[in-house]
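Accompanying notes for the structure given below.
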Amino acid sequence: MITVENMMSYEIIIGLEIHVQLQTKTKIFCGCSTAFNPDHPNVQTCPVCLGLPGALPVLNERAYHLGIKTALGLNCQIAPFTKWDRKQYFYPDLPKGYQISQYDLPFSHDGHVDVTLSDEAGTATDGVRRVRILRAHLEEDAGKNMHDESGRGRESRVDLNRAGTPLVEIVTEPDLRSADEARRFLEELKLLLTYLEVSDCNMQEGSLRCDANVNLHVIQPDGTKIPTPIVEIKNLNSFRFTEQAIEYEVARQWESFQATGIRMGAKGGHKRTVGFDPNRGVTYPLREKEEAADYRYFPDPDLVPVIPDDPLLAAIRSDMVERPAVRRERFLADYQLTAYDAAVIIDQGRPVADYFEDVAKSCGDGKQAANWLTQDIQRELKERSVTIAEFPIRPPVLAAILERINKKQITIKSAREVFSTLLTDAGDAEAVPSISRIDEIIAARGLAIVQDTGAIDTAIVEVLSRSAKAIADYKSGNEKAVGALIGQVMKAVKGADPQTVREKLLAKICE
Ligand SMILES: [Zn+2]
6 MITVENMMSY EIIIGLEIHV QLQTKTKIFC GCSTAFNPDH PNVQTCPVCL GLPGALPVLN
66 ERAYHLGIKT ALGLNCQIAP FTKWDRKQYF YPDLPKGYQI SQYDLPFSHD GHVDVTLSDE
126 AGTATDGVRR VRILRAHLEE DAGKNMHDES GRGRESRVDL NRAGTPLVEI VTEPDLRSAD
186 EARRFLEELK LLLTYLEVSD CNMQEGSLRC DANVNLHVIQ PDGTKIPTPI VEIKNLNSFR
246 FTEQAIEYEV ARQWESFQAT GIRMGAKGGH KRTVGFDPNR GVTYPLREKE EAADYRYFPD
306 PDLVPVIPDD PLLAAIRSDM VERPAVRRER FLADYQLTAY DAAVIIDQGR PVADYFEDVA
366 KSCGDGKQAA NWLTQDIQRE LKERSVTIAE FPIRPPVLAA ILERINKKQI TIKSAREVFS
426 TLLTDAGDAE AVPSISRIDE IIAARGLAIV QDTGAIDTAI VEVLSRSAKA IADYKSGNEK
486 AVGALIGQVM KAVKGADPQT VREKLLAKIC E
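The numbers in our numbering rise by one with no breaks, and the one at position 63 of the sequence shown is 68.
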């Protein structure tokens with residue numbers, strides 16, 4: 006809520022509609038490929054997706070299954086009966102003159118996604134926003150119009166490779182209260198959909214697009230609220246643009262309300278449709294928004310309704326992987342991670358979280374595994390620009406290094422030396438890092454901690470016998486004096502654990 010000088014304030018009301026391309030090999034109602042192929046337009050087409058007379062659509066079973074998986078991930082109810090409708094409008098990228106979609110009986114409805122909020126500094130707080138999902142329905146994508154590619158301003162082309170690609174449209178209730186919340190919601194949604202492997206969510210290729218409905222509830226001094234007209238920002242293809250577009254719209258609507266006082270339903274409209282120009286950072290008007298009646302929806306007579314049976318739903322449920330929100334909670338309990346570490350690991354996607362869990366399970370030390378993953382490994386991944394799947398040190402090998410630290414066979418410093426030597430081996434000699442190689446490196450470089458306390462004791466006595474000044478310095482309060490003594494003992498007993506040496510040395514001095 007934002008308060009201004011004249012004591013009026015407003016609430017920001019945001020609802021999102023997200024189109025997600027489902028990860029199928031073929032289109033939703035025909036066998037054409039869904040591969041992203043912009044260099045060869047109109048090669049992935051057939052009579053069905055071109056809308057030629059007499060061609061009949063057949064539902065792609067996998068698209069429906071992925072839709073259900075998506076809906077279950079969103080905590081939605083699955084409808085016991087769902088049907089297909091024709092949404093009719095004229096546009097060159099829609100060869101049939103209608104889009105097959107779902108109108109009054111979507112295949113799923115009434116779910117929710119929880120989003121972790123942040124305070125103004127951007128750090129996570131305990132606040133969680135539950136964003137209700139009104140519905141998720143299946144539909145086919147249109148083709149793509151390309152205008153003025155020649156630069157002469159005269160040519161437009163149509164590529165129908167995309168036409169008929171399966172989409173799930175996810176519609177939220179207007180539960181989001183800031184541009185930051187909208188971005189966080191989209192990040193959580195993308196994480197969920199990639200975890201479930203229902204979509205690659207590649208925004209550059211248009212696999213995830215977002216429309217944002219934005220308006221304000223202006224709060225009067227007496228507490229009554231006046232809604233401003235809703236503006237729908239269409240086709241936002243990045244999270245950053247979504248955030249920027251919403252911020253711009255909020256400022257614009259507030260200014261406009263202060264200047265004109267126009268409210269929802271008054272002259273000046275109920276709902277407007279705009280685009281966002283990221284170069285100028287502004288929204289601009291698009292065609293007036295059609296109302297549902299303008300589309301003359303009616304049931305598609307070429308497609309049978311779908312009635313999912315219990316065995317099918319049970320099979321899809323049993324095939325679901327753990328969702329990120331559930332996994333975050335479990336990591337706290339199973340591996341004693343902090344909420345921050347759990348979020349950092351989970352939010353990087355399933356392969357990173359799987360890697361972590363493999364290491365943590367096999368070395369039995371989640372905290373140590375999290376430290377290595379979020380520091381040493383992150384740094385290496387960034388430097389090498391590789392993904393965790395391409396990283397040469399695999400979980401069992403990292404776990405073996407961590408185990409040797411925990412068993413006090415090597416120090417953390419030596420572990421880092423082993424780690425970087427394995428990486429150098431992998432780079433220079435293309436040697437696959439292995440557990441036996443770890444032990445070779447430890448032996449060859451004398452990194453093993455000497456467990457022979459007799460040798461350490463002997464060295465301590467010997468060093469102390471010729472260090473009267475350092476002992477006196479230490480006893481008179483100069484703690485640093487002991488560092489040099491530790492160094493001398495370590496030199497005498499190569500591989501001694503510095504912590505053990507320190508403890509024994511101090512005990513001896515204070516005898
Ligand atoms: Zn086709």
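Positions of the beta carbon are idealized from the N, C-alpha and C atoms, including for glycine. This one's a predicted model, so the numbers in the text were calculated from it and none came from an experiment.
I need the straight-line Cα distance from residue i to residue j, nearest angstrom please.
i	j	result
residue 82	residue 438	47 Å
residue 328	residue 400	22 Å
residue 223	residue 231	5 Å
residue 108	residue 61	20 Å
residue 208	residue 499	55 Å
residue 200	residue 178	23 Å
residue 43	residue 148	11 Å
residue 22	residue 394	33 Å
residue 460	residue 505	12 Å
residue 96	residue 355	39 Å
residue 288	residue 72	32 Å
residue 106	residue 346	42 Å
residue 491	residue 507	6 Å
residue 276	residue 323	42 Å
residue 32	residue 342	43 Å
residue 127	residue 55	Low confidence applies here, because residue 127 scores a pLDDT of 48, under 50, leaving its location unreliable and the question unanswered by this model.
residue 420	residue 350	22 Å
residue 422	residue 482	35 Å
residue 204	residue 445	44 Å
residue 171	residue 213	12 Å
residue 186	residue 132	11 Å
residue 181	residue 292	26 Å
residue 456	residue 501	7 Å
residue 260	residue 93	37 Å
residue 281	residue 229	31 Å
residue 253	residue 286	7 Å
residue 250	residue 352	24 Å
residue 233	residue 18	10 Å
residue 247	residue 217	8 Å
residue 173	residue 428	43 Å
residue 377	residue 120	27 Å
Does ligand 1 have even one heavy atom less than 7 Å from the beta-carbon of residue i?
i	result
residue 195	no
residue 37	yes
residue 50	yes
residue 169	yes
residue 32	yes
residue 54	yes
Taking the continuous alpha helix (DSSP H) assigned at residue i, which residues delimit it?
i	result
residue 68	66–78
residue 240	Counting along the chain, residue 240 falls outside any alpha helix (DSSP H), though it belongs to the beta strand (DSSP E) covering 235–241.
residue 266	Run containing residue 266: none; DSSP gives neither H nor E here.
residue 495	486–497
residue 423	417–433
residue 345	344–351
residue 221	No alpha helix (DSSP H) contains residue 221, which is instead part of the beta strand (DSSP E) from 213–224.
residue 360	355–368
residue 401	400–411
Which residue comes first and which comes last in the beta strand (DSSP E) that contains residue i?
i	result
residue 177	171–177
residue 506	First-last for residue 506: 503–514, but that is the alpha helix (DSSP H), not the beta strand (DSSP E).
residue 20	14–26
residue 5	Only positions 6 to 516 of the chain appear in the structure, and residue 5 is not among them; the question remains open.
residue 162	161–164
residue 289	287–290
residue 104	103–106
residue 63	That residue, residue 63, is in no beta strand (DSSP E); it is neither H nor E in DSSP.
The segment 233–242 touching the segment 355–366, judged by at least three CB pairs closer than 8 Å: no
Cβ pair count under 8 Å reaching 3, the segment 11–20 against the segment 44–54: no
Contact between the segment 377–387 and the segment 328–341 (3+ Cβ pairs under 8 Å): no
Sufficient close CB pairs (3 or more, under 8 Å) joining the segment 301–312 to the segment 77–92: yes
The segment 135–144 touching the segment 62–72, judged by at least three CB pairs closer than 8 Å: yes
The segment 366–377 in contact with the segment 404–411 per 3-pair CB rule at 8 Å: yes
Three CB pairs or more closer than 8 Å across the segment 428–448 and the segment 468–478: no
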